[in-house]
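If you read the sequences in order, they're chains A and B. Start counting the first sequence at 1; every next residue gets the next number (full-length UniProt numbering). Start counting the second sequence at 1; every next residue gets the next number (full-length UniProt numbering).
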Amino acid sequence: TIREKAMALLFLPALARMAVCGGTHGNELSGVYVVQEMERQRKEKGEGVWPIPVTTVLSNPRAVKECRRYIDTDMNRCFSRDTLSSPITDSSPYEVRRAQELNNLLGLKGSTDAIDLICDLHNTTSNMGLTLILCTSSDWVTLHICKYLQTKITKVPVRVLVLDFPISDAYSLESVSKHGFTLEVGPQPHGVVRADIYIIMKEAVDLTIDWIHKFNSGTVFEGGDVEAFKFIKSVDYPRDPETRTLTAAIHPQLQDKDFCLLKRGDPLFLSFSGETVNYEEEETLHPFFINEAAYYEKGIAFQLAKKMMLTIPAVRVQKD
Amino acid sequence: MKAVAMPTVSRVAVCGGTHGNELAGVYLVRERLKRRADGTEPVSVVTVMSNPRAVQLCVRYVETDLNRCFTRATLSAPVSETSPYEMIRSQELNALLGPKGSAQAVDLLCDLHNTTANTGLCLITYSDCDWICLHICKHLQREMASTPVRYVHFDIPLNEAYSLDSVGKHGFAMEIGPQPHSVVRSVIFSAMQEGVQLMMDWICLFNSGTLFEGGWVDVYTMVKNIDYPRDSETHVITAAVHPNLQDRDFCLLHPGDPMFLSSSGETLRYKGKEALYPFFINEGAYYEKGIALSLARKRRVEIPSVRSETLR
Numbered sequence: 001t002i003r004e005k006a007m008a009l010l011f012l013p014a015l016a017r018m019a020v021c022g023g024t025h026g027n028e029l030s031g032v033y034v035v036q037e038m039e040r041q042r043k044e045k046g047e048g049v050w051p052i053p054v055t056t057v058l059s060n061p062r063a064v065k066e067c068r069r070y071i072d073t074d075m076n077r078c079f080s081r082d083t084l085s086s087p088i089t090d091s092s093p094y095e096v097r098r099a100q101e102l103n104n105l106l107g108l109k110g111s112t113d114a115i116d117l118i119c120d121l122h123n124t125t126s127n128m129g130l131t132l133i134l135c136t137s138s139d140w141v142t143l144h145i146c147k148y149l150q151t152k153i154t155k156v157p158v159r160v161l162v163l164d165f166p167i168s169d170a171y172s173l174e175s176v177s178k179h180g181f182t183l184e185v186g187p188q189p190h191g192v193v194r195a196d197i198y199i200i201m202k203e204a205v206d207l208t209i210d211w212i213h214k215f216n217s218g219t220v221f222e223g224g225d226v227e228a229f230k231f232i233k234s235v236d237y238p239r240d241p242e243t244r245t246l247t248a249a250i251h252p253q254l255q256d257k258d259f260c261l262l263k264r265g266d267p268l269f270l271s272f273s274g275e276t277v278n279y280e281e282e283e284t285l286h287p288f289f290i291n292e293a294a295y296y297e298k299g300i301a302f303q304l305a306k307k308m309m310l311t312i313p314a315v316r317v318q319k320d
Numbered sequence: 001m002k003a004v005a006m007p008t009v010s011r012v013a014v015c016g017g018t019h020g021n022e023l024a025g026v027y028l029v030r031e032r033l034k035r036r037a038d039g040t041e042p043v044s045v046v047t048v049m050s051n052p053r054a055v056q057l058c059v060r061y062v063e064t065d066l067n068r069c070f071t072r073a074t075l076s077a078p079v080s081e082t083s084p085y086e087m088i089r090s091q092e093l094n095a096l097l098g099p100k101g102s103a104q105a106v107d108l109l110c111d112l113h114n115t116t117a118n119t120g121l122c123l124i125t126y127s128d129c130d131w132i133c134l135h136i137c138k139h140l141q142r143e144m145a146s147t148p149v150r151y152v153h154f155d156i157p158l159n160e161a162y163s164l165d166s167v168g169k170h171g172f173a174m175e176i177g178p179q180p181h182s183v184v185r186s187v188i189f190s191a192m193q194e195g196v197q198l199m200m201d202w203i204c205l206f207n208s209g210t211l212f213e214g215g216w217v218d219v220y221t222m223v224k225n226i227d228y229p230r231d232s233e234t235h236v237i238t239a240a241v242h243p244n245l246q247d248r249d250f251c252l253l254h255p256g257d258p259m260f261l262s263s264s265g266e267t268l269r270y271k272g273k274e275a276l277y278p279f280f281i282n283e284g285a286y287y288e289k290g291i292a293l294s295l296a297r298k299r300r301v302e303i304p305s306v307r308s309e310t311l312r
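Shown next, in the form of structure tokens:
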């Protein structure tokens with residue numbers, strides 16, 4: 001069949017250069033230390049330290065210095081086309097200014113000059129292991145990288161989360177490059193660096209570089225099925241109607257159960273006065289970003305996803 | 001040891017949000033304020049949100065760490081409109097709950113805190129012979145089945161004692177971890193609620209004349225702090241707490257044991273001569289204070305039986 005032929009082997013252009021970005025949120029420290037360590041290695045061993053050209057970037061240096069998520073506004077919401085093209089004035093938020101700088105450095109978003117791959121490093125207080133977050137479910141390069149990481153990393157669960165935004169709406173840093181993904185590792189408190197979490201993130205970055213090198217050198221990566229979680233919706237905490245403060249915390253039976261099954265009747269919240277609130281919907285879904293610190297202000301207690309299978313073709317680098 | 005008669009603990013303060021992003025205490029104070037006293041409790045309790053501005057912004061502090069503002073020097077320093085917010089606030093709290101060192105001060109001040117370190121529940125005080133605090137610790141240890149409870153002592157004279165709990169005649173920080181800052185975990189909230197309730201139960205029993213049998217309590221006395229390895233020029237941290245030490249609060253650390261793992265994979269070991277007990281291992285707020293972990297000596301302290309004085 002035509003589909004079988006199309007799925008047989010896909011030739012894709014080589015990835016000339018990738019960017020590793022840390023400190024997009026200034027208090028998510030693994031990425032800051034990975035970038036710091038990579039820059040130290042480059043200084044010590046020269047540009048040939050990695051088998052492919054890698055640009056390392058500290059995305060939000062002011063927020064990193066103050067160990068805060070952001071100074072004026074969440075930088076990882078500043079990469080929409082509108083924000084990237086808005087005129088900069090004295091009163092522009094720091095992160096909007098910086099996003100435009102990064103677009104000049106790594107983009108321009110949507111152009112042929114844009115860097116081939118951005119790997120954006122993040123931490124979460126949620127128990128999400130290693131989660132690879134993709135904007136789209138049809139980028140074979142990033143899906144193959146996910147598949148490769150899933151086979152090579154065994155210390156922690158490696159999951160693929162697909163947001164399925166239309167590309168034109170994408171507002172995060174990794175939408176600047178031709179291919180992009182977020183490498184999210186948890187659980188880690190913000191403002192803290194845990195050695196075990198750092199090691200996982202470093203390994204994932206090293207394996208990503210490894211995949212690109214193998215791909216560029218002509219390796220055929222077999223196709224197959226990749227299990228992925230597709231974002232459905234967010235759920236907020238129960239709140240006091242006047243003050244908007246939380247009246248309940250994530251229930252102990254849901255806490256740390258990211259990507260497990262949530263069925264009708266399962267507990268969601270335990271109020272501070274002792275009442276349980278249950279999940280009342282019919283559809284069984286998978287919760288994630290359960291009790292992420294930075295999401296309290298965004299009105300998110302957890303998010304829900306549907307599990308699905310993505311079929312990806314075999315790929316090989318296009319020879320000139 | 002002979003039984004000791006002590007004054008009743010008639011006025012108690014429960015404080016939360018001294019650090020605005022340590023949320024179990026914030027929510028516990030909010031809950032307690034919702035259920036206002038109807039005047040029938042046997043003990044007079046004042047519940048206070050210590051640092052409301054920091055709580056609103058969900059940050060540790062706005063200008064300076066409130067829990068370092070209770071030394072005699074800071075409490076008596078002249079304040080103006082340009083003084084740091086927390087300094088002004090510490091003097092307000094001292095007027096409300098103290099004055100520190102005077103007869104008007106509350107009898108017991110319990111200050112609620114969270115830590116990113118795996119400490120379980122700790123009562124942190126400046127005295128290793130405050131029988132009220134030690135008996136409350138013993139009571140919590142007896143009654144709290146699933147949470148380890150420990151007594152931590154900082155050997156600092158009252159004048160230099162810098163934290164809020166030093167304002168009361170008796171006082172301690174009730175510290176519970178691990179919990180990320182700006183997060184509330186249900187089990188941590190419940191443990192704190194239980195700890196506060198057990199403390200109140202003990203006080204009521206004590207005030208009504210119960211004799212509490214003496215015994216022994218393990219006391220961890222702070223000896224020193226250890227900083228992260230840092231780059232000599234930039235001062236940037238170059239290693240994280242070693243995986244073998246991470247989460248091992250109160251497990252004995254021997255000379256030669258791994259302490260740090262550098263970003264480049266090198267292990268750095270504990271060079272001290274004495275085996276000590278580490279705690280506050282990898283507390284997020286302490287990076288800026290230059291503390292990766294604290295080290296303590298443990299010893300068994302004998303405590304006498306106590307009973308409240310009945311005034312005739």
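Even for Gly, the Cβ is constructed at its ideal location relative to N, Cα and C. Quick caveat, the model's predicted, so the values are computed rather than measured.
Span separating the alpha-carbon of I312(A) from that of I124(B): 57 Å
E31(B) at chain A interface by Cβ criterion, 8 Å: yes
Whole-angstrom C-beta distance between L109(B) and D165(B), which should lie under 8 Å: 5 Å
Alpha-carbon to alpha-carbon, V12(B) and S44(B): 6 Å
Three-state secondary structure assigned by DSSP to Y279(A): coil
CA-to-CA distance, N21(B) to S168(A), given in whole angstroms: 37 Å
Chain A within 8 Å of F189(B), Cβ atoms only: yes
Any chain A beta carbon closer than 8 Å to R68(B): no
Partner residues on chain A for H242(B), Cβ-Cβ distance less than 7 Å: A195
Identity of the residue in V205(A), S217(A), H251(A) and Q253(A) nearest D120(A) by Cα: V205(A)
The stretch 175-195 of chain A / the stretch 176-184 of chain B touching (three or more Cβ pairs under 8 Å): yes
Cross-chain neighbours of Q197(B) in chain A, by beta carbon under 8 Å: Near Q197(B) there are no residues of chain A at all, since even the closest Cβ is about 13 Å away, more than 8 Å.
Beta carbon proximity, H181(B) to chain A, threshold 8 Å: yes
Proximity test, Cβ basis, 8 Å: Y279(A) and chain B: no
DSSP three-state assignment for M200(B), whether helix, strand or coil: helix
At least 3 beta-carbon pairs within less than 8 Å: the stretch 260-278 of chain A vs the stretch 106-118 of chain A: no
Proximal chain A residues relative to Q246(B), where beta-carbon distance stays under 9 Å: R194, A195 and D196
Min CB distance R312(B) to chain A below 8 Å: Residue placement at R312(B) is poorly supported in this model, since its pLDDT is 43, which falls under 50; the coordinates still yield a value, given next. No - not a single Cβ of chain A is within 8 Å of the one on R312(B).
Coarse secondary structure for V306(B), derived from DSSP in three states: strand
Burial state of G16(B), where buried means 16 or more other Cβ atoms lie within 10 Å: buried
Closer than 8 Å to chain B by CB, L268(A): no
Contiguous beta strand (DSSP E) assignments of at least 3 residues, all confined to the UniProt domain "AstE/AspA barrel-sandwich hybrid" (225-307) of chain A: 248-250, 267-271, 276-278 and 286-288
Y286(B) classed as buried or exposed, judged by whether at least 16 other C-beta atoms fall within 10 angstroms: buried
Proximal residues, the stretch 275-309 of chain B versus chain A, C-beta separation under 9 Å: N282, E283, G284, A285, Y287 and E288
Neighbour flag for H190(A) against chain B, beta carbons, 8 Å: yes
Test: residue 316(B) CB closer than 8 Å to a CB of chain A: Beyond the ends of chain B as shown, which are 1 and 312, falls residue 316(B); an answer cannot be given.
I209(A) at chain B interface by Cβ criterion, 8 Å: no
Ranges of the beta strand (DSSP E) found wholly within the stretch 1-88 of chain B, counting only runs of at least 3: 4-6, 11-16 and 44-49
Assigned exposure category for T234(B) - 16 Cβ within 10 Å defines buried: exposed
The stretch 42-57 of chain A in contact with the stretch 78-92 of chain A per 3-pair CB rule at 8 Å: no
Classification of E92(B) by the beta-carbon crowding that lies within 10 angstroms, buried from 16 upward: exposed
Backbone secondary structure at C251(B) - three-state DSSP: coil
Segment limits, alpha helix (DSSP H) that includes C129(B): It is not in any alpha helix (DSSP H) - C129(B) carries neither H nor E in the DSSP assignment.
Residues bridged to T97(A) [DSSP beta-bridge criterion]: Before going on, a small fix: residue 97(A) reads as Arg here, not Thr. For R97(A), which the question treats as bridged, DSSP gives no partner whatsoever.
Alpha-carbon spacing of T243(A) relative to M199(B), whole angstroms: 30 Å
Residues that I200(A) contacts on chain B, provided the C-beta gap is smaller than 7 Å: Per Cβ cutoff of 7 Å: no residues; I200(A) is ~11 Å from chain B at best.
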